[in-house]
Amino acid sequence: MGKLLHAIVIGLIGAAIVHIVVLLLVPEFSERDAWSNLSMKADFYTMTRLDAEPGSPAPIKSIDPLFAAAACRFDLADGMVQVTAPGALPFWSVSVYDRNGHNIYSFNDRSATNGQMDAVVLTPAQMIEMRKALPDGFEGSIFVEAPIEEGIVVLRAFVPDESWRPAVTKFLSQSSCDLQQF
Amino acid sequence: MLKNASLTLLALAIAIGLGGGSVWYTLDAQSGGGAIRIGPWTAFPDIGTLDADPYSQARVARQGALTLGRAEGLSFIAEADSSGEGLRRNCSYTIEGGTPTARFWTLHVADQALDPIASGRPHQAALHSYEILRQADNSAVITVAPNAAPGNWLPVNGTGPLRFVLNFYDTPIAASTGLSDIKLPVIVKVGCNG
Numbered sequence: 001m002g003k004l005l006h007a008i009v010i011g012l013i014g015a016a017i018v019h020i021v022v023l024l025l026v027p028e029f030s031e032r033d034a035w036s037n038l039s040m041k042a043d044f045y046t047m048t049r050l051d052a053e054p055g056s057p058a059p060i061k062s063i064d065p066l067f068a069a070a071a072c073r074f075d076l077a078d079g080m081v082q083v084t085a086p087g088a089l090p091f092w093s094v095s096v097y098d099r100n101g102h103n104i105y106s107f108n109d110r111s112a113t114n115g116q117m118d119a120v121v122l123t124p125a126q127m128i129e130m131r132k133a134l135p136d137g138f139e140g141s142i143f144v145e146a147p148i149e150e151g152i153v154v155l156r157a158f159v160p161d162e163s164w165r166p167a168v169t170k171f172l173s174q175s176s177c178d179l180q181q182f
Numbered sequence: 183m184l185k186n187a188s189l190t191l192l193a194l195a196i197a198i199g200l201g202g203g204s205v206w207y208t209l210d211a212q213s214g215g216g217a218i219r220i221g222p223w224t225a226f227p228d229i230g231t232l233d234a235d236p237y238s239q240a241r242v243a244r245q246g247a248l249t250l251g252r253a254e255g256l257s258f259i260a261e262a263d264s265s266g267e268g269l270r271r272n273c274s275y276t277i278e279g280g281t282p283t284a285r286f287w288t289l290h291v292a293d294q295a296l297d298p299i300a301s302g303r304p305h306q307a308a309l310h311s312y313e314i315l316r317q318a319d320n321s322a323v324i325t326v327a328p329n330a331a332p333g334n335w336l337p338v339n340g341t342g343p344l345r346f347v348l349n350f351y352d353t354p355i356a357a358s359t360g361l362s363d364i365k366l367p368v369i370v371k372v373g374c375n376g
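Here it is, written out as structure tokens:
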């Protein structure tokens with residue numbers, strides 16, 4: 001009886017250890033994370049719609065059925081990335097995530113110049129270079145300093161009703177995600 | 183000998199079964215570290231950020247979700263009504279009350295995995311604050327029911343557990359520490375089919 005109790009106590013201590021180990025390993029070994037799902041869908045610097053298509057689930061789980069979203073993967077080791085989209089909508093927002101899906105920075109249309117979506121994601125080192133001489137074409141851009149290399153930028157747009165659907169589709173389909181060298 | 187081996191096996195079974203199972207259980211539950219509960223609603227303001235606790239990080243990795251940033255909004259999830267009874271898809275509910283400051287909010291119904299439930303009708307199973315009919319005091323009364331209802335109607339169908347997801351966009355509550363002071367609508371069960 002004493003031995004059985006001993007075994008159960010050891011088992012419970014072991015369960016606590018397994019719980020902690022499994023918990024910490026889940027993010028490392030997850031093959032269904034946003035980065036993996038997105039990389040199966042599109043290459044770097046390509047804006048991809050995040051909607052579910054008939055027959056295949058959405059690459060990244062939708063947060064809100066009243067929103068449409070597009071995302072692109074980038075690698076700041078190659079250079080900075082400029083994300084733009086045309087048109088004015090009731091609400092749009094942008095989030096920059098690192099490779100593990102942590103939200104690094106986010107902003108919405110109130111932060112943008114004239115409500116136009118134009119953002120540049122770059123490392124602090126690239127930002128120093130940028131400050132020395134601002135090249136043409138970046139006057140209205142929002143600069144997002146991210147101390148990361150690989151990452152994901154997600155563009156979300158609110159669709160209040162079906163009449164806004166064409167404008168949102170145009171906003172997302174004409175959005176661009178370009179590698180910029182200077 | 184055999185007794186020792188079976189005791190070792192028992193200890194291992196408890197360790198792996200209970201350890202793994204408890205992780206699985208806590209990741210599915212809408213509670214745990216970093217959760218803020220206001221009435222029936224739960225939010226994880228730190229989820230998806232580098233400040234998040236290991237449970238939130240594991241939850242994000244497992245769902246493959248990219249969570250809303252602080253400048254975007256904050257998501258509240260309800261899995262029970264205000265009396266603590268679990269939400270069911272074959273029941274009718276009234277969601278009533280004021281909402282915290284935000285540019286706008288959206289409300290939709292979701293299943294246990296937080297995937298939105300399609301209404302199966304032209305009317306989408308989601309509402310937002312720009313289209314809501316309001317009471318004289320600016321609060322809203324929303325009827326969640328399988329059958330059409332006057333006023334603000336959020337359609338549901340099928341059977342099984344139900345979740346309400348209330349997202350606030352461009353809101354100061356996502357960044358403030360005074361999250362416990364805010365008021366959210368109450369969820370009252372009206373009745374059930376079958």
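Residue numbers (the working numbering), protein chains in the order written: chain P, 1 to 182; chain H, 183 to 376. Each residue gets a CB set at the ideal place from its N, CA and C atoms; glycine is no exception.
For residue i, I'd like the list of residues in its chain whose CB is within less than 8 Å of its CB, leaving aside the five on either flank, ordered along the chain.
{"i": "tyrosine 312 of chain H", "result": "Phe286"}
{"i": "isoleucine 364 of chain H", "result": "Ile220, Pro282, Ile355"}
{"i": "leucine 209 of chain H", "result": "Tyr237, Ala240, Arg241, Arg244"}
{"i": "leucine 66 of chain P", "result": "Phe158, Val159, Pro160"}
{"i": "proline 343 of chain H", "result": "Glu261, Gly268, Leu269, Arg270, Arg271, Asp293, Gln294"}
{"i": "alanine 167 of chain P", "result": "Gly87, Leu89"}
Between residue i and the rest of its own chain, which residues show a CB-CB distance below 7 Å, the 5 nearest in sequence each way excluded?
{"i": "glycine 79 of chain P", "result": "Leu179, Gln180, Gln181"}
{"i": "glutamine 317 of chain H", "result": "Val323"}
{"i": "histidine 290 of chain H", "result": "Pro298, Ala307, Ala308, Val347"}
{"i": "threonine 113 of chain P", "result": "Gly140"}
{"i": "glycine 333 of chain H", "result": "Leu315, Val323, Thr325"}
{"i": "alanine 70 of chain P", "result": "Met47, Thr48, Arg49, Leu50, Leu155, Leu172, Ser175"}
Restricting to Cα atoms, I'd like to know which of the options is closest to residue i.
{"i": "arginine 165 of chain P", "options": "P:Ala125, P:Ala133, P:Val154, P:Pro90", "result": "P:Pro90"}
{"i": "threonine 288 of chain H", "options": "H:Leu269, H:Leu336, H:Pro328", "result": "H:Leu336"}
{"i": "threonine 249 of chain H", "options": "P:Met47, P:Asn100, P:Tyr45, P:Phe74", "result": "P:Asn100"}
{"i": "phenylalanine 258 of chain H", "options": "H:Pro222, H:Glu278, H:Gly333", "result": "H:Pro222"}
{"i": "alanine 247 of chain H", "options": "P:Thr48, P:Leu38, P:Asp75", "result": "P:Leu38"}
{"i": "valine 97 of chain P", "options": "P:Val121, P:Thr113, P:Ala85", "result": "A small correction: the amino acid at residue 97 of chain P is tyrosine; valine does not occupy that position in the sequence shown. Checking every option, the nearest Cα to that of tyrosine 97 of chain P belongs to P:Val121."}
{"i": "isoleucine 235 of chain P", "options": "P:Val18, P:Leu24, P:Val9, P:Ala85", "result": "With chain P covering only 1 through 182, there is no way to say anything about residue 235 of chain P."}
{"i": "phenylalanine 107 of chain P", "options": "P:Met130, P:Val94, P:Leu5", "result": "P:Val94"}
{"i": "threonine 123 of chain P", "options": "P:Phe74, P:Ser111, P:Ala167", "result": "P:Phe74"}
{"i": "arginine 252 of chain H", "options": "H:Thr353, H:Gly340, H:Arg244, H:Arg241", "result": "H:Thr353"}
{"i": "alanine 34 of chain P", "options": "H:Gln245, H:Gly199, H:Ser301", "result": "H:Gln245"}
{"i": "alanine 77 of chain P", "options": "P:Trp92, P:Phe67, P:Ala125", "result": "P:Ala125"}
{"i": "cysteine 351 of chain H", "options": "H:His310, H:Gly340, H:Thr325", "result": "Checking the sequence shown, residue 351 of chain H turns out to be tyrosine, not cysteine. The shortest Cα separation from tyrosine 351 of chain H among H:His310, H:Gly340, H:Thr325 belongs to H:His310."}
{"i": "isoleucine 104 of chain P", "options": "H:Val338, H:Tyr275, H:Asp233", "result": "H:Asp233"}
{"i": "cysteine 72 of chain P", "options": "P:Asp43, P:Asp64, P:Lys61, P:Ile63", "result": "P:Asp43"}
{"i": "isoleucine 8 of chain P", "options": "H:Ala187, H:Leu184, H:Lys185, H:Ala197", "result": "H:Ala197"}
{"i": "methionine 1 of chain P", "options": "H:Leu189, H:Ala331, H:Ala211", "result": "H:Leu189"}
Using 10 angstroms around the beta-carbon of residue i, count the other beta-carbons present and answer buried if the total reaches 16, otherwise exposed.
{"i": "proline 227 of chain H", "result": "buried"}
{"i": "threonine 231 of chain H", "result": "buried"}
{"i": "histidine 305 of chain H", "result": "exposed"}
{"i": "methionine 40 of chain P", "result": "exposed"}
{"i": "tyrosine 237 of chain H", "result": "buried"}
{"i": "asparagine 329 of chain H", "result": "exposed"}
{"i": "leucine 269 of chain H", "result": "buried"}
{"i": "tyrosine 207 of chain H", "result": "exposed"}
{"i": "lysine 3 of chain P", "result": "exposed"}
{"i": "isoleucine 17 of chain P", "result": "exposed"}
{"i": "glutamine 294 of chain H", "result": "exposed"}
{"i": "proline 57 of chain P", "result": "exposed"}
{"i": "histidine 102 of chain P", "result": "buried"}
{"i": "isoleucine 20 of chain P", "result": "exposed"}
{"i": "glutamate 162 of chain P", "result": "exposed"}
{"i": "isoleucine 128 of chain P", "result": "exposed"}
{"i": "arginine 345 of chain H", "result": "buried"}
I'd like the list of long-range same chain contacts for residue i, defined as Cβ closer than 6 Å, with 5 residues on each side in sequence excluded.
{"i": "valine 83 of chain P", "result": "Ala119, Val153, Cys177"}
{"i": "glutamine 174 of chain P", "result": "Pro86"}
{"i": "glutamate 150 of chain P", "result": "Asp75, Arg99"}
{"i": "asparagine 375 of chain H", "result": "Asn272"}
{"i": "proline 367 of chain H", "result": "Ile277, Glu278, Gly279"}
Which one or two residues does DSSP pair with residue i in a beta bridge?
{"i": "histidine 310 of chain H", "result": "H:Thr288"}
{"i": "asparagine 108 of chain P", "result": "P:Ser93"}
{"i": "leucine 155 of chain P", "result": "P:Ala70, P:Val94"}
{"i": "valine 326 of chain H", "result": "H:Tyr275, H:Leu336"}
{"i": "tryptophan 223 of chain H", "result": "H:Ile220, H:Ala260"}
{"i": "phenylalanine 346 of chain H", "result": "H:Ala260, H:Val291"}
Sorry if obvious, but does the Cβ on residue i come closer than 7 Å to a heavy atom of the ligand GTP?
{"i": "leucine 76 of chain P", "result": "For the structure depicted, the ligand GTP is absent and the ligand set is empty, with no information on it obtainable."}
So which residues on chain B does residue i lean against when the C-beta distance must stay under 9 Å?
{"i": "valine 168 of chain P", "result": "Of the protein chains in this structure, namely P and H, none is chain B."}
If you measure beta-carbon to beta-carbon, which residues of the stretch 276–289 of chain H are closer than 8 Å to chain P?
-> Arg285, Phe286, Thr288
Chain P contacts from the stretch 292–306 of chain H (Cβ-Cβ distance under 8 Å) = Leu296, Asp297, Pro298, Gln306
When Cβ atoms are compared, which residues of the stretch 78–105 of chain P fall closer than 9 Å to chain H?
-> Pro90, Phe91, Ser93, Val94, Ser95, Val96, Tyr97, Asp98, Asn100, Gly101, His102, Asn103, Ile104, Tyr105
Name the residues in the stretch 30–43 of chain P whose C-beta lies less than 7 Å from a C-beta of chain H; which are they?
-> Along the stretch 30–43 of chain P, going in chain order, the ones with a CB nearer than 7 Å to a CB of chain H are Ser30, Arg32, Asp33, Ala34, Asn37.
Would you list, in chain order, the members of the stretch 8–19 of chain P that have their beta-carbon closer than 9 Å to a beta-carbon of chain H?
-> Ile8, Val9, Ile10, Gly11, Leu12, Ile13, Gly14, Ala15, Ala16, Ile17, Val18, His19
Members of the stretch 331–352 of chain H near chain P, C-beta cut-off 8 Å = Val347, Asn349, Tyr351, Asp352
Near-chain P residues of the stretch 235–258 of chain H (beta-carbon distance less than 9 Å), N- to C-terminal order = Pro236, Tyr237, Gln239, Ala240, Arg241, Val242, Ala243, Arg244, Gln245, Gly246, Ala247, Leu248, Thr249, Leu250, Gly251, Arg252, Ala253, Glu254, Gly255, Ser257
If you measure beta-carbon to beta-carbon, which residues of the stretch 307–320 of chain H are closer than 8 Å to chain P?
-> Here the close residues are Ala307, Ala308, His310, Tyr312, Glu313.
Using a Cβ-Cβ cut-off of less than 8 Å, give me the residues of the stretch 216–237 of chain H that come near chain P, in sequence order.
-> Gly230, Thr231, Leu232, Ala234, Pro236, Tyr237
Cβ-based contacts, 9 Å cut-off: residues of the stretch 112–141 of chain P near chain H | none
If contact means a Cβ-Cβ distance below 7 Å, which residues of the stretch 55–71 of chain P contact chain H?
-> Going along the stretch 55–71 of chain P in chain order, one finds Ile60, Lys61, Ser62, Ile63, Asp64, Pro65, Leu66 with a Cβ nearer than 7 Å to chain H.
What residues in the stretch 142–160 of chain P have a beta carbon less than 9 Å from any beta carbon of chain H?
-> Ile152, Val154, Arg156, Phe158, Pro160
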